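A.B. asks:
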């Protein structure tokens, strides 16, 4: 409100609209003076939706702290391994089963094969984060397209598409994810090995690709439901009707009104999908279905640490804390984004 | 109402059909057969495959399986010869169910009062503390919680037994590990729903009438704010059932979860399919019950 306080426009002589005897004096009809013109110049840049959201987000201390934490974790996972003198898959002979120590430099200790656990935690964090982020991107694309098509076309198409989504919704997803993982992995391995076209994917590994695919196949419906709901409300709102009445075609309405107004909830949902994908991934790795050795993910590291946790509790606690930190940070970031992007959704 | 139930039942059957079909074909995509063990000769494998109709075309096997499924017959296990899947589920599921029910009760009994209390003490230190704890609690995966508890209370301190499920003491750790996430979620859900209700006009009216705070809470606020919790009971059951897989593994509890993971690596097709279909049916039934209860609790909700 403060920007209106000094607004020169409000200082103008007040004209009572109900006064029937209103007669303009000649002075009122004169062209505006230079001084008056200058007063009408905008005092400050008008704020956009994104600037406004950014401002709200910056004021949210918890969310800002979590955003910084996520950046730190990203650096830890992607830059960290380059700074370490060890490799995640090569053990150092003579330095097996070490506790956390600074000389030789093993802050998190080493495992039974003499592999430095700090590098392994870095790589595992990288794997877990990539799964979370890539899976949510898949979900974003599939879910948004599905929901948008369903909501925009409406009618029986919407009905059929939502019935299909409903079936997915009531499938016990973890069971199917486990099955999909086991069933797809050998075929993916064969496919990757058979064709030179998939060469770049081979380094990612069939286990990871399998994980991306299964998440994408099973978790898109949440996003689809949200986007569809948004599109349905927006489609029937007054300003879209007005835009249509003024001759706006479907393309114009989608590009100008529907997409920009959905972005907020899409961003929020995607942020919440990341921790849930990381959660599921670590769960699968924990029961031995995720990435295969010598690769490590945070879940598989916790699983490895189970044998011998009495002697080496830190091997369990470090990756476990990392999982909890990542999930916590993304959950809080999602909350912050929700408050910033969509103040109506705040509780 | 009747129309709604019929529609929901039809959609439940459709979902079950999809799950069964999906599971069947996924299981058969896995290379190698259930009888390809190192000791078995080619002849033995062929004989066993013939006995279990695995030599027939895939689609015929599918039809046979679905035909049996309709009569609630889940077939025989491949690994434990002559042991029907129904019998295995009948033996193992009660163990998992016991644990699951305790975990669900625990999360509801602690979650709801905690959320209500936080809402009544909004922005007071106790509310802040509760919200902080629940935020943390939601971030710790159940298997992490289970292992940490096992290390701390089971091994280091030696207060609680770490194996099996034979006395009430054995239930403490697995049940707490399983219920931590949903408990925290319920507390947060309850708080925001309660805050929403407390801001309503009828609460102001009740207070203006001079109704004691206790009556406002139990007669007006609680009843209305509990509705979102009921709709969460479906996903809650699913989470507890699947969470049971790892918790059973960690605490060596002889329930369905441990069995399911083992049966997948053994390629025991009928058992995997049986467990999946059984769990799917359980979840779908739970969702249906939740929807029906929802309408009873909140008459404003109309069945389409």
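Chains as they are written, first to last, in the working numbering: chain E, 887 to 1233; chain D, 27 to 330. For each residue, glycine too, the CB sits at the ideal point set by N, CA and C. Values in this document were obtained by computation on a predicted structure and should not be read as measured data.
1) When you compare the stretch 197-206 of chain D with the stretch 140-159 of chain D, are there three or more beta-carbon pairs, one atom per stretch, that lie closer than 8 Å?
2) Determine the closest residue to residue 1071 of chain E out of E/1049, E/1097, E/1080, E/1053, with distance taken between C-alpha atoms.
3) Would you tell me roughly how many angstroms separate the C-alpha atoms of residue 239 of chain D and residue 254 of chain D, rounded to the nearest one?
4) Using Cβ-Cβ distances below 8 Å, what residues of the stretch 29-47 of chain D are close to chain E?
5) Is it right to say residue 144 of chain D is buried, meaning 16 or more other beta carbons lie within 10 angstroms of its own, or is it exposed?
6) Give a yes or no on contact between the stretch 1162-1171 of chain E and the stretch 1179-1190 of chain E, applying the rule of three or more CB pairs nearer than 8 Å.
7) So what's residue 996 of chain E in DSSP terms, helix, strand or just coil?
8) Verify the CB distance criterion: does residue 53 of chain D have a CB-CB separation below 8 Å to chain E?
9) In angstroms, rounded to a whole number, what distance separates the CA positions of residue 138 of chain D and residue 215 of chain D?
10) Compare the Cα-Cα distances from residue 199 of chain D to each of D/220, D/222, D/174, D/218 and report the closest residue.
11) Less than 8 Å between the CB atoms is what I'm expecting for residue 344 of chain D and residue 265 of chain D, so what's the real figure, rounded?
12) May I have the straight-line CA-CA distance separating residue 897 of chain E from residue 921 of chain E, to the nearest angstrom?
13) Consult DSSP for residue 110 of chain D and reduce its assignment to one of helix, strand or coil.
14) Excluding the 5 residues preceding and the 5 following residue 125 of chain D in the sequence, name in chain order all residues of the same chain whose CB lies nearer than 8 Å to its CB.
15) Establish whether the CB of residue 1020 of chain E and some CB of chain D are separated by less than 8 Å.
16) Spatial neighbours of residue 1032 of chain E within its chain, please: C-beta separation below 6 Å, excluding the five flanking residues on both sides.
17) Following the continuous alpha helix (DSSP H) through residue 30 of chain D, name the residue where it begins and the one where it ends.
18) Just how far apart, CA to CA, sit residue 1226 of chain E and residue 945 of chain E?
19) Decide yes or no for the touch test of the stretch 1206-1219 of chain E against the stretch 166-173 of chain D: beta carbon pairs closer than 8 Å, at least 3 of them.
20) Between residue 1233 of chain E and residue 1113 of chain E, what straight-line distance do the alpha-carbon atoms span, to the nearest angstrom?
21) Determine contact between the stretch 1120-1127 of chain E and the stretch 1041-1053 of chain E, defined as no fewer than three beta-carbon pairs at a distance below 8 Å.
22) So with Cβ pairs under 8 Å, would you call residue 870 of chain E a contact of chain D?
23) Short check: CB of residue 38 of chain D to CB of residue 314 of chain D, under 8 Å?
24) Examine chain D for any beta-carbon lying closer than 8 Å to the beta-carbon of residue 1167 of chain E, and answer yes or no.
25) List the residues of chain D whose Cβ lies closer than 8 Å to the Cβ of residue 1069 of chain E, in chain order.
26) What does residue 1223 of chain E touch in chain D if you count any residue whose Cβ is under 9 Å from its own?
27) Pick helix, strand or coil for residue 324 of chain D, following the three-state DSSP scheme.
28) Please confirm if residue 1227 of chain E has its CB atom under 8 Å from at least one CB of chain D.
29) Leaving out five residues on either side along the sequence, give the residues of the same chain with a beta carbon under 8 Å from the beta carbon of residue 242 of chain D.
30) Taking contact to mean at least 3 C-beta pairs separated by less than 8 Å, is the stretch 1020-1029 of chain E in contact with the stretch 1153-1160 of chain E?
31) Determine, using beta carbons only, whether residue 295 of chain D comes closer than 8 Å to chain E.
32) So with CB distances below 8 Å, who are the chain D contacts of residue 1217 of chain E?
33) Could you tell me which uninterrupted alpha helix (DSSP H) segments, each at least 4 residues in length, are contained entirely in the stretch 1066-1118 of chain E, listed from first to last along the chain?
34) Taking C-alpha atoms, which residue in D/33, D/267, D/193, D/161 lies nearest to residue 308 of chain D?
35) If you check the beta carbons only, do residue 188 of chain D and residue 277 of chain D fall under 8 Å apart?
36) Residue 103 of chain D and residue 96 of chain D look like a contact to me (Cβ under 8 Å); what is the Cβ gap, rounded to whole Å?
C.D. replies: So, to answer that:
1) no
2) Translated into positions along the first chain, residue 1071 of chain E becomes position 185. Out of E/1049, E/1097, E/1080, E/1053, E/1097 has the C-alpha closest to the C-alpha of residue 1071 of chain E.
3) Taking the first residue of the second chain as 1, we reach residue 239 of chain D at position 213. Taking the first residue of the second chain as 1, we reach residue 254 of chain D at position 228. One C-alpha to the other measures close to 23 Å.
4) 37, 38, 40, 41, 44, 45
5) Along the second chain, one-based indexing puts residue 144 of chain D at 118. Per the 10 Å Cβ criterion, buried.
6) yes
7) For the purposes of this step, residue 996 of chain E is taken as the residue at position 110 of the first chain. Strand at residue 996 of chain E.
8) By 1-based counting over the second chain, the position of residue 53 of chain D is 27. Yes, its Cβ sits closer than 8 Å to a Cβ of chain E.
9) Translated into the one-based positions of the second chain, residue 138 of chain D becomes position 112. Translated into the one-based positions of the second chain, residue 215 of chain D becomes position 189. Cα-Cα distance, rounded: 9 Å.
10) Reading the second chain from its first residue, position 173 is the one you call residue 199 of chain D. Closest option to residue 199 of chain D, Cα to Cα, is D/174.
11) Residue 344 of chain D lies beyond the stretch modelled for chain D, which goes from 27 to 330, so this question has no answer here.
12) On the first chain, residue 897 of chain E is found 11 positions in, with the first residue counted as 1. On the first chain, residue 921 of chain E is found 35 positions in, with the first residue counted as 1. Confidence at residue 897 of chain E is low in this model, with a pLDDT of 48, below 50, so its placement is unreliable and the value that follows should be read with caution. Distance between the alpha carbons of residue 897 of chain E and residue 921 of chain E is about 13 Å.
13) As a first step, residue 110 of chain D must be located in the second chain, where it is residue number 84. Residue state, collapsed to three classes: strand.
14) Here residue 125 of chain D refers to the residue found at position 99 of the second chain. Excluding sequence neighbours, residue 125 of chain D sits near 191, 197, 200, 201, 204, 270, 273, 274, 279, 281.
15) For the purposes of this step, residue 1020 of chain E is taken as residue 134 along the first chain, with counting starting at 1. No, residue 1020 of chain E lies away from the interface with chain D (no Cβ there is under 8 Å from its Cβ).
16) Locating residue 1032 of chain E in the first chain gives position 146, counting from the first residue. So the qualifying residues of the chain are 1110.
17) Counting from one through the second chain, the residue named residue 30 of chain D turns up at place 4. Taken as a continuous stretch (DSSP letters only), the alpha helix (DSSP H) holding residue 30 of chain D covers 28-55.
18) Reading the first chain from its first residue, position 340 is the one you call residue 1226 of chain E. Reading the first chain from its first residue, position 59 is the one you call residue 945 of chain E. Computed Cα separation, rounded: 9 Å.
19) yes
20) For the purposes of this step, residue 1233 of chain E is taken as residue 347 along the first chain, with counting starting at 1. For the purposes of this step, residue 1113 of chain E is taken as residue 227 along the first chain, with counting starting at 1. With a pLDDT of only 42 at residue 1233 of chain E, under the threshold of 50, the placement of this residue in the model should not be trusted; the figure read from the coordinates follows. Between residue 1233 of chain E and residue 1113 of chain E, the C-alpha separation is close to 20 Å.
21) no
22) As displayed, chain E neither begins before 887 nor continues past 1233, which places residue 870 of chain E out of reach and without an answer.
23) By one-based count along the second chain, residue 38 of chain D stands at place 12. By one-based count along the second chain, residue 314 of chain D stands at place 288. Going by C-beta atoms, residue 38 of chain D is nearer than 8 Å to residue 314 of chain D.
24) Counting from 1 along the first chain, the entry for residue 1167 of chain E is found at position 281. No - not a single Cβ of chain D is within 8 Å of the one on residue 1167 of chain E.
25) Position 183 of the first chain holds residue 1069 of chain E. By Cβ distance, chain D contributes 52, 53, 55, 56.
26) Taking the first residue of the first chain as position 1, residue 1223 of chain E is located at position 337. By Cβ distance, chain D contributes nothing, its closest Cβ being about 16 Å from residue 1223 of chain E, past 9 Å.
27) To locate residue 324 of chain D, count along the second chain from 1; it is residue 298. The answer is coil: DSSP assigns residue 324 of chain D none of H, G, I, E or B.
28) Locating residue 1227 of chain E in the first chain gives position 341, counting from the first residue. By this cut-off, residue 1227 of chain E is not an interface position.
29) For this step, residue 242 of chain D is matched to residue 216 along the second chain. Once the five neighbours on either side are set aside, the close Cβ partners of residue 242 of chain D are 229, 232, 233.
30) yes
31) By 1-based counting over the second chain, the position of residue 295 of chain D is 269. Answer no: the Cβ-Cβ gap between residue 295 of chain D and chain E never drops below 8 Å.
32) Counted from its first residue, the first chain places residue 1217 of chain E at position 331. Under the 8 Å cutoff, chain D gives 161, 164, 165.
33) 1085-1088
34) By one-based count along the second chain, residue 308 of chain D stands at place 282. The option with the nearest alpha carbon to residue 308 of chain D is D/267.
35) Residue 188 of chain D sits at position 162 when you count from the first residue of the second chain. Residue 277 of chain D sits at position 251 when you count from the first residue of the second chain. In contact: residue 188 of chain D and residue 277 of chain D (Cβ atoms closer than 8 Å).
36) For this step, residue 103 of chain D is matched to residue 77 along the second chain. For this step, residue 96 of chain D is matched to residue 70 along the second chain. Not quite, the Cβ-Cβ distance comes to about 20 Å (not below 8 Å), so this is no contact.
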